[in-house]
Amino acid sequence: MANSQGFLPRTLRCLARTIATRPWIVLTLAAATVGISGWLVATQLVVINNTNALIREDSPFHQNFLEYKKEFQFEEDLVVTIRSDNPERNREVAQQVGEALAALDPLVERVLFRFDFSRLQKRFLFFLEPEELNALREQVAGYAKSLRRPGMQLNVHGMLDEANRQFTDQNLRREENWKEFIPFIGQFVAMLERLADEVEGKRPAPRPAQIDTAATEQTRAGLEQFEQQLRDNEFIGFDEGRLLLVLAAPGSIDPRAAEPYSELVRRARAALEPIRTAYPDVRIGLTGEPVLMEDELKTSSDDSIRAGLVAFVLVSIVFLLSYREIKRPVVALSVLLGATLTSLGFAVVSVGHLNLISQAFVAMVIGLGVDFGIQIMARYEEELAKGRGVAGALEEALGHTGVAVTTGALTTAAAFFTMCFNDFIGLAEFGVVAGGGVLICWLANLVVLPAAYAALDRTTPADKLTTKAAASHWQAGRLVHAIVFRAPLLVLALATLATVLAVVGAKRIGFDHNLLNLQDRSLESVREVHELIEGNNSIIYGIILADDLDHAREIIPQLQAL
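So that you can map any letter, position 18 of the sequence shown is 17 in numbering that gives the first Met the number 0, and since no number is skipped, the others follow by simple counting.
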C-alpha cells in the first residue's frame with residue numbers, strides 16, 4: 000500500500016482525474032499531433048540505402064576507403080552478365096549492352112566491355128621468338144636483293160625478265176641463290192594471279208606475300224595464333240566465351256543522397272529489356288553493388304511494411320478474441336496506430352530518415368505498444384467490474400497498472416537508447432527511433448487511451464458499464480492460472496530444463512559475416528552474384544592500401560600465402 004502513495008502513483012492518479020474531466024482536449028491535441036506526423040511522414044520520410052551513410056565518417060577504415068576512392072576515382076560498377084553456349088552470340092549481345100549503357104550518360108561515366116587491341120596489331124613482331132624474326136629477316140632480305148638488282152623494273156616485263164634469269168639451270172644449281180629464289184617465286188606467283196584477275200575483269204584483292212619456307216610458315220602461324228588470342232580476349236569473358244561481363248561505372252552522384260543509385264538502376268534495367276527480348280536464347284543478368292543496394296532497400300522496405308501490417312493484424316485478432324466486446328479493443332488499436340504514425344514522425348524530426356535497420360522498429364513498436372494498451376484496458380475494465388465509475392476506474396488503473404507500464408516503458412526505452420553510443424550509425428539511429436517510439440506508445444496509452452475511454456463511457460449508465468466489463472474478460476486466463484499455481488514446482492522444473500537446453504544450444508551459434516546471406520536469393524542481382532562466386536568468377540573483392548612500392552612488395556607474399 001505504501002507504493003500506491005508514492006510520488007509516481009500520486010502523479011498518475013492526478014493525471015487520471017484531469018483526463019477524466021477534460022478528455023476532448025486531450026483527444027484534440029492527440030489528433031493534431033497525429034495529423035502533423037502524418038504530413039511529415041508523407042512528405043519528408045525517406046529510407047536510405049547508402050551504406051556509406053551508415054558508417055561514422057571519422058572511423059579509420061572509412062577514411063581509408065574515402066582516400067582510396069579519391070585517389071583511384073573509384074565507384075562501384077554495375078555488372079551485366081551475358082550467358083549462352085554460343086560465344087559469338089554473346090559477343091553480339093555484349094556489344095549492344097555496352098552501347099545501351101553508354102547511352103545513359105551522364106548517369107554512366109564509362110562502360111568497359113571490349114578492349115581495343117589495334118595498337119598491339121601494329122607491334123606484333125615484338126611478340127615473336129628470335130628464330131621467327133630471323134626467318135622473316137632472311138625473307139625480307141631476299142625481296143630486297145631482288146629489288147636492288149640493276150635494271151630491275153617493277154612491271155610485268157621486268158618480272159618476266161627476272162623470271163627468265165632465275166629459272167636457269169646454272170642459277171638453280173648454286174645453293175646460295177635459293178635464298179633469293181624462294182621469295183621471288185612467291186612474289187612472281189602473286190603477280191601472275193593479280194594479272195589474271197585484271198584480265199578477267201575481277202577486282203584484285205590484296206594478296207599477302209607467299210612464304211614457303213617452314214620457318215616462315217611457323218612465324219605466320221604464330222602471328223595468326225596471336226591474333227586469335229586477341230580476338231578471344233577482346234571481351235571480358237570466362238568459360239571460353241560462354242560468360243561475358245559488361246561493367247558500367249556510375250557518373251557523378253551525391254555521396255550523401257538517400258538513394259544515390261535508384262535512377263541509374265531503373266534506367267539500366269529499362270535499357271536491357273529490349274535486348275533481352277531480341278535475344279531470348281541469351282541470359283542477361285544485372286548485378287553489382289549499386290543494384291544490390293537498390294534491391295536491398297526495396298526488399299527490406301517491402302518486408303518492413305509487410306511485417307508491420309502482419310503484426311498489426313495478428314495483434315488485432317488476438318486482442319479482439321481475448322475480449323467479448325469490440326469497442327474498447329478497437330479504441331486501443333486506434334490509439335496504437337496513431338502512436339505508430341507519431342513514432343514515424345518522430346523519426347523524421349530526430350534523425351531525418353530511416354535506414355535498412357531502423358525501419359524494422361515499426362513492427363517492434365506495434366508489439367510493445369499494444370502491450371501497454373492491454374494492461375491499461377484490462378485494469379480499467381477490472382475496476383469497472385467492481386462497480387467503480389469511469390473516473391474512479393481510470394484513477395485506479397493509472398495509479399496501479401500505470402506504474403508498472405511506466406517502469407516497463409522507461410527501462411525498455413533506456414535499453415534502446417544505449418544503442419546510440421554505437422559506432423555503427425545504422426544501429427545508433429535504430430536506438431533513437433526505437434527508444435522514442437516506445438516512449439510515444441507509453442504516453443499514448445497512458446494519456447490518450449484513458450481520454451478515449453472517458454469520452455466513450457462517460458454517458459453510459461454505471462450499472463451497464465459494470466455488467467459489460469464483468470463479462471468481457473477471456474475466461475481462459477483462469478485456467479492458465481489454475482494450472483500454473485497448482486503445480487508450481489513442475490513449472491519451474493520445466494523452465495529450468497528449457498534454460499539448460501538453450502544454454503547448450505547457444506554454444507553452437509556462430510556469427511555469419513557474409514552480408515549476401517541476408518539478401519533474398521530469389522532476386523536477380525543476388526542470384527547472379529552467387530552464380531559468379533560458385534563459378535570462381537566473383538566480383539566481390541577486398542581493397543588493401545600500401546604506403547609505397549616497398550610496402551606493396553611486402554604485402555603481396557602475405558596475401559599469396561592466404
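Yeah, the Cβ is synthetic: ideal placement off N, Cα and C, and Gly gets one too.
Exercise. Are any of the Cβ atoms in chain B nearer than 9 angstroms to that of L438?
Worked result: In the structure shown, chain B does not exist; there is a single protein chain.
For this session: Measure from the alpha carbon of E75 to the alpha carbon of each residue in I35, E91 and A247, then state which is nearest.
Result: Within the sequence shown, residue 75 is the residue found at index 76, counting from 1. That would be A247, whose Cα lies nearest to the Cα of E75.
Problem set entry | Nonlocal neighbours in the same chain, by C-beta distance under 6 angstroms from G430, ignoring five residues either side | Counting from 1 along the sequence shown, the entry for residue 430 is found at position 431. F415, F416, M418 and C419.
Exercise. Nearest CA to the CA of V46: which residue from D57, T80, H352 and H61?
Worked result: Position 47 of the sequence shown, counted from the start, is the residue given in the question as residue 46. Looking at the Cα atoms, H352 is the closest of the given residues.
Exercise. Going by the C-beta, is T10 closer than 8 angstroms to any heavy atom of the ligand ADP?
Worked result: This structure lacks the ligand ADP; in fact it carries no ligand of any kind.
Exercise. Is DSSP giving T286 helix, strand or coil here?
Worked result: For this step, residue 286 is matched to residue 287 along the sequence shown. Correct three-state label for T286: strand.
For this session: Decide yes or no for the touch test of the segment 270-277 against the segment 93-102: beta carbon pairs closer than 8 angstroms, at least 3 of them.
Result: yes
Problem set entry | I235, enclosing beta strand (DSSP E) - first and last residue | Translated into the one-based positions of the sequence shown, residue 235 becomes position 236. Element bounds for I235: I235 to F237.
For this session: Measuring alpha carbon to alpha carbon, tell me which of L438, F423 and Q358 ends up nearest V369.
Result: Here residue 369 is taken as the residue at index 370 of the sequence shown, counted from 1. Nearest of L438, F423 and Q358 to V369, Cα basis: L438.
For this session: Return the chain-ordered list of same chain residues with a C-beta closer than 8 angstroms to the C-beta of T405, the five sequence neighbours on each side being excluded.
Result: Here residue 405 refers to the residue found at position 406 when the sequence shown is read from its first residue. L7, L11, W441 and L445, listed in sequence order.
Exercise. Do three or more CB pairs link the segment 321-329 to the segment 18-30 at distances below 8 angstroms?
Worked result: no
Problem set entry | Assigned secondary structure, R266 (DSSP; H/G/I helix, E/B strand, else coil) | Your numbering for residue 266 matches position 267 in the sequence shown. R266: helix per DSSP, three-state reduction.
Exercise. Around the C-beta of Y540, are 16 or more other C-beta atoms found within 10 angstroms, so that it is buried, or is it exposed?
Worked result: As a first step, residue 540 must be located in the sequence shown, where it is residue number 541. Exposed, by the Cβ-count rule.
For this session: Less than 8 angstroms between the CB atoms is what I'm expecting for L332 and S321, so what's the real figure, rounded?
Result: Position 333 of the sequence shown holds residue 332. Position 322 of the sequence shown holds residue 321. No, L332 and S321 are not in contact; Cβ-Cβ is about 12 angstroms, not under 8 angstroms.
Exercise. Thinking C-beta only, is S537 closer than 9 angstroms to V528?
Worked result: Walking along the sequence shown from the start, residue 528 turns up at place 529. Walking along the sequence shown from the start, residue 537 turns up at place 538. Closer than 9 angstroms, so yes.
For this session: Starting from I81, trace the alpha helix (DSSP H) both ways and give me its first and last residue.
Result: Reading the sequence shown from its first residue, position 82 is the one you call residue 81. First-last for I81: L77 to R82, but that is the beta strand (DSSP E), not the alpha helix (DSSP H).
For this session: To the nearest angstrom, report how far apart S261 and E293 are at their CA atoms.
Result: Residue mapping note: residue 261 aligns to position 262 of the sequence shown, counting from 1. Residue mapping note: residue 293 aligns to position 294 of the sequence shown, counting from 1. One C-alpha to the other measures close to 6 angstroms.
For this session: Keeping to the same chain, check which residues put their C-beta closer than 6 angstroms to that of F112; ignore five residues upstream and five downstream.
Result: The sequence position of residue 112 within the sequence shown is 113, counting from 1. Cβ neighbours of F112 beyond the five flanking positions: A93, G97 and V245.
Exercise. Which residue comes first and which comes last in the alpha helix (DSSP H) that contains R16?
Worked result: For this step, residue 16 is matched to residue 17 along the sequence shown. Unbroken alpha helix (DSSP H) run through R16: F6 to T20.
Problem set entry | Sequence-distant residues of its chain with Cβ nearer than 6 angstroms to A451 (five each side left out) | Translated into the one-based positions of the sequence shown, residue 451 becomes position 452. If we look at A451 and ignore the five residues flanking it on each side, its Cβ neighbours are V330.
For this session: Along the beta strand (DSSP E) that carries A247, what are the first and last residues, could you check?
Result: In the sequence shown, counting from the first residue as 1, residue 247 sits at position 248. Unbroken beta strand (DSSP E) run through A247: L242 to P249.
Exercise. Can you give the beta carbon distance from G250 to P105, rounded, assuming they're within the 8 angstroms contact cut?
Worked result: To locate residue 250, count along the sequence shown from 1; it is residue 251. To locate residue 105, count along the sequence shown from 1; it is residue 106. Right, the Cβ-Cβ distance comes to about 4 angstroms (below 8 angstroms), so this counts as a contact.
For this session: Kindly confirm or deny that the segment 358-376 and the segment 300-315 touch, where touching means at least three C-beta pairs closer than 8 angstroms.
Result: yes
For this session: Determine the DSSP secondary structure at V364, reduced to helix, strand or coil.
Result: Residue mapping note: residue 364 aligns to position 365 of the sequence shown, counting from 1. Three-state DSSP puts V364 in a helix.
For this session: Tell me, please, whether the segment 336-345 touches the segment 388-400 by the rule of three or more beta-carbon pairs shorter than 8 angstroms.
Result: no
Exercise. Near G372, what residues of its chain come up, given a Cβ to Cβ distance below 7 angstroms and the 5 sequence neighbours on each side ignored?
Worked result: By one-based count along the sequence shown, residue 372 stands at place 373. Here the set comprises A331, V334, L335, N444 and L448.
Exercise. Quick one: Cα of T465 to Cα of Y379, how far?
Worked result: As a working mapping, residue 465 is identified with position 466 in the sequence shown. As a working mapping, residue 379 is identified with position 380 in the sequence shown. Computed Cα separation, rounded: 11 angstroms.
Problem set entry | Pair within 9 angstroms by beta-carbon distance, I482 and I54 | Residue 482 sits at position 483 when you count from the first residue of the sequence shown. Residue 54 sits at position 55 when you count from the first residue of the sequence shown. No. Outside cutoff.
Problem set entry | Contact under 9 angstroms by Cβ, A377 with A453 | Walking along the sequence shown from the start, residue 377 turns up at place 378. Walking along the sequence shown from the start, residue 453 turns up at place 454. No; because the gap between Cβ atoms is not below 9 angstroms, this pair is not in contact.
Exercise. Helix, strand or coil: how does DSSP classify E108 here?
Worked result: Counting from 1 along the sequence shown, the entry for residue 108 is found at position 109. Strand, per DSSP.
For this session: Under 6 angstroms Cβ to Cβ from T411, same chain only, skipping five residues before and after it: list those, please.
Result: The residue given as residue 411 occupies position 412 in the sequence shown. V437.
For this session: Please say whether R90 and F234 have beta carbons closer to each other than 9 angstroms?
Result: As a position in the sequence shown, residue 234 is number 235, starting the count at 1. As a position in the sequence shown, residue 90 is number 91, starting the count at 1. Their beta carbons are under 9 angstroms apart, which means F234 touches R90 by this criterion.
Exercise. If you drop the 5 nearest sequence neighbours on each side, which residues of the same chain put their C-beta closer than 7 angstroms to that of S300?
Worked result: By 1-based counting over the sequence shown, the position of residue 300 is 301. Closer than 7 angstroms at the Cβ level, and outside the excluded window around S300, lie V46 and Q358.
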